[in-house]
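Q:
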Amino acid sequence: MYRHNEQQLSFDEFFLPFGGHLRQDNRWVRLSGQIPWDLVEELYVLKLRNDFGAPAHSARMAFGSLLIKERLGLSDEETVAQITENPYLQYFIGLKGFQNNAPFDSSQMVYFRKRFPIEAIDRINDAVAVAPVREKLKKTDVPRNPDPPPATGEPERNATDSRQQSEPTQPEATPNQGKLIVDATCTPADVAYPTDLNLLNSAREKAEKIIDILHAARRDDAVKPRTYRKKARKRYLAVARKKRPGRRKIRKAIGQQLRFLRRDLGHIDTLSEQVSLSVLPPRLYRDLLVITELYRQQKTMYERRVHRIDDRIVSISQPHIRPIKRGKVVADTEFGAKVSISLVHGFTFTERISWDNFNEGTELIDNIERYKKRFGVYPASVHADKVYRTRDNLRYCRTHGIGLSGPPLGRPRKVTPENREALKAARQQIRQDELDRIPVEGKFG
Numbered sequence: 052m053y054r055h056n057e058q059q060l061s062f063d064e065f066f067l068p069f070g071g072h073l074r075q076d077n078r079w080v081r082l083s084g085q086i087p088w089d090l091v092e093e094l095y096v097l098k099l100r101n102d103f104g105a106p107a108h109s110a111r112m113a114f115g116s117l118l119i120k121e122r123l124g125l126s127d128e129e130t131v132a133q134i135t136e137n138p139y140l141q142y143f144i145g146l147k148g149f150q151n152n153a154p155f156d157s158s159q160m161v162y163f164r165k166r167f168p169i170e171a172i173d174r175i176n177d178a179v180a181v182a183p184v185r186e187k188l189k190k191t192d193v194p195r196n197p198d199p200p201p202a203t204g205e206p207e208r209n210a211t212d213s214r215q216q217s218e219p220t221q222p223e224a225t226p227n228q229g230k231l232i233v234d235a236t237c238t239p240a241d242v243a244y245p246t247d248l249n250l251l252n253s254a255r256e257k258a259e260k261i262i263d264i265l266h267a268a269r270r271d272d273a274v275k276p277r278t279y280r281k282k283a284r285k286r287y288l289a290v291a292r293k294k295r296p297g298r299r300k301i302r303k304a305i306g307q308q309l310r311f312l313r314r315d316l317g318h319i320d321t322l323s324e325q326v327s328l329s330v331l332p333p334r335l336y337r338d339l340l341v342i343t344e345l346y347r348q349q350k351t352m353y354e355r356r357v358h359r360i361d362d363r364i365v366s367i368s369q370p371h372i373r374p375i376k377r378g379k380v381v382a383d384t385e386f387g388a389k390v391s392i393s394l395v396h397g398f399t400f401t402e403r404i405s406w407d408n409f410n411e412g413t414e415l416i417d418n419i420e421r422y423k424k425r426f427g428v429y430p431a432s433v434h435a436d437k438v439y440r441t442r443d444n445l446r447y448c449r450t451h452g453i454g455l456s457g458p459p460l461g462r463p464r465k466v467t468p469e470n471r472e473a474l475k476a477a478r479q480q481i482r483q484d485e486l487d488r489i490p491v492e493g494k495f496g
């Protein structure tokens, strides 16, 4: 149940028992005036039911608490403690006056997060950021000048691929404005580095726990199935404790753990015919489903002598996480969600989040179209790394008069006295485009 009675407070109306008034220039007072609380409440109510239950906390209290937590980098418990001690934070979450008691229990933060999915956060973010960005576009941005045509005798391919030759085939009614900076990264998940041997050992231990629960639920005095857990543990440690075990030893250990796990899963199938799996805790039943799929994947890779399979499970507790191939020197493979963002005048917009790997270069056209939908115009230039510079993207940018950063596709041009100055200017422009792209790296950091 929800009561629509929350109104935007004036900082002068906020009651302070020890006298005085809130400062108008305080960051939380100013921030409260920038958030569309009506939209926040509209999205918040969609996750509630009005036919039964106690009244829920206000939308402002829920969203404001989440914003305080993320902005200050606090835990749920520390967030509630800071709100209890700070009158400005209490004003920010919509209280009528300062109070010494905690406005809610820290466990409520879990439900607040569930009531604001990523789609709702994106709508609120757009509502906050779009208006000021549009004002900046009108005041500061000037369309970029195209480069001079290529020198005589240069191949037409270079002229086609060059970013500066992207003249619109049909002039737009509104000139392009602004710089769109796009990039993608992998957000690391909080999981241990997955190895096949460690995953199989964890799966075996959970399977043994499931066998213990199912056997204890049987009414007869049947003998408990043998699991060889001590022997399996000993053989696992014999390899896991080695600093640099060889490939043959690792493969042999994986085969042993696969056979131990196969025996345990067979015992679980037999016990499930006598005892319902409903006796398992929900979390453990979920783990059983994950372990079954993990065994299938590991067995397939073991038999085929490969180290790759589709939708590979790298964590039993978080089976949705996938390995993301990055190709970097520091971390060739990362584990977590891949996120694609765009940066416009300091405002960051989340374009896509996916647990599965994707080619961010194919997302550029959609990013530009969302820019057009948000701000009413196409960007004057797009700044991205080389993975975005495909022929389809270049063709699209030429059609709409958008400059796409980066060097031309194909072989470098031959330097001649006629084109020396033009190539020098092009290199300077490419360097400037790379400098303009630097701010997006700070957003990831």
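Each residue of the sequence shown is one higher than the one before, counting from 52 in our numbering.
Cβ coordinates follow ideal geometry from the N, Cα and C atoms, glycine included.
Predicted model, so just to flag it, every value in this text is computed and none were measured.
#1: Could you check which residue in Ile419, Asp436, Ala435, Asn252 has the C-alpha nearest to that of Tyr429?
#2: If Ala254 sits next to Leu312, beta carbons under 8 angstroms apart, how far is it from one beta carbon to the other, in whole angstroms?
#3: For Pro374, name the three-state secondary structure that DSSP assigns.
#4: Whose C-beta lies closer than 6 angstroms to the C-beta of Leu97 among residues of the same chain, with five residues either side of it excluded?
#5: Using the Cα positions of Ser158 and Asp127, report the straight-line distance between them to the nearest angstrom.
#6: Could you please give me the residues that DSSP links to Asp443 through a beta bridge?
#7: Compare the beta carbon distance of Tyr439 and Gly412 with 8 angstroms and say whether it is the shorter of the two.
#8: For the candidate residues Thr467, Pro468, Phe426, Lys475, whose alpha-carbon lies nearest to that of Glu186?
#9: Name the DSSP bridge partner or partners of Ser391?
#10: When you compare each of Gln480, Ser432, Val390, Pro468 to Thr399 by their alpha carbons, which one comes out closest?
#11: Leaving out five residues on either side along the sequence, give the residues of the same chain with a beta carbon under 6 angstroms from the beta carbon of Val135.
#12: Any chance you could list the alpha helix (DSSP H) runs of at least 4 consecutive residues sitting entirely within the segment 94 to 137, in chain order?
#13: Give the range of the alpha helix (DSSP H) segment to which His266 is assigned.
#14: With Lys497 and Asn410 assumed to form a contact (beta carbons below 8 angstroms), what rounded beta-carbon distance in angstroms separates them?
#15: Which term fits Asn444, buried or exposed, when burial requires 16 or more other beta carbons within 10 angstroms of its beta carbon?
#16: According to DSSP, is Thr278 part of a helix, a strand, or is it coil?
#17: Bridge partners for Leu340 per DSSP, in chain order?
#18: Is the separation between the beta-carbon of Arg363 and that of Gln348 shorter than 8 angstroms?
#19: Can you give me the C-alpha to C-alpha distance between Leu322 and Arg373, rounded to a whole angstrom?
#20: With DSSP as the reference, identify every bridge partner of Val433, one or two as the case may be.
#21: I need the straight-line Cα distance from Ala258 to Leu125, nearest angstrom please.
#22: Within this structure, are the beta carbons of Phe386 and Pro226 separated by less than 8 angstroms?
#23: Would you list the one or two residues that DSSP bridges to Phe398?
#24: Decide if the segment 287 to 297 is in contact with the segment 232 to 239; the criterion is three or more beta carbon pairs, one per stretch, under 8 angstroms apart.
A: So, from the data block:
#1: For Tyr429, the nearest C-alpha among the options comes from Ile419.
#2: The Cβ separation is near 6 angstroms, so the contact holds.
#3: Pro374: strand per DSSP, three-state reduction.
#4: Within the same chain, and ignoring the five residues on either side of Leu97 in sequence, no residue has its Cβ closer than 6 angstroms to its Cβ.
#5: About 8 angstroms.
#6: Asp443 pairs with nothing; no bridge assigned.
#7: Note that the C-beta distance between Tyr439 and Gly412 is below 8 angstroms.
#8: Out of Thr467, Pro468, Phe426, Lys475, Phe426 has the C-alpha closest to the C-alpha of Glu186.
#9: Per DSSP, Ala235, Arg403.
#10: The candidate whose alpha carbon is nearest that of Thr399 is Val390.
#11: As written in the sequence, residue 135 is Thr, which differs from the Val given in the question. Answer for Thr135: Ala153, listed in chain order.
#12: Counting whole runs of 4 or more residues, the segment 94 to 137 contains the alpha helix (DSSP H) stretches 110 to 123, 127 to 136.
#13: Counting along the chain, the alpha helix (DSSP H) containing His266 begins and ends at 247 to 267.
#14: With the chain represented from 52 up to 496, any question about residue 497 goes unanswered, as that position is not in the structure.
#15: The residue in question, Asn444, is buried, as its Cβ has 16 or more Cβ neighbours within 10 Å.
#16: When secondary structure is reduced to three states using DSSP, Thr278 falls in the coil class, being assigned neither helix nor strand.
#17: According to DSSP, which records beta bridges pairwise, Leu340 is partnered with nothing at all.
#18: Taking 8 angstroms as the Cβ cut-off, Arg363 and Gln348 qualify as a contacting pair.
#19: Approximately 32 angstroms between the Cα atoms of the pair.
#20: The partner list for Val433 (beta bridge, DSSP) reads Leu231, Leu455.
#21: Using only the alpha carbons, I get a separation of about 36 angstroms.
#22: Taking 8 angstroms as the cut-off, the Cβ atoms of Phe386 and Pro226 do not count as close.
#23: Its beta-bridge partners are Val395.
#24: Between the segment 287 to 297 and the segment 232 to 239 there are fewer than three inter-stretch CB-CB distances shorter than 8 angstroms, so the stretches are not counted as touching.
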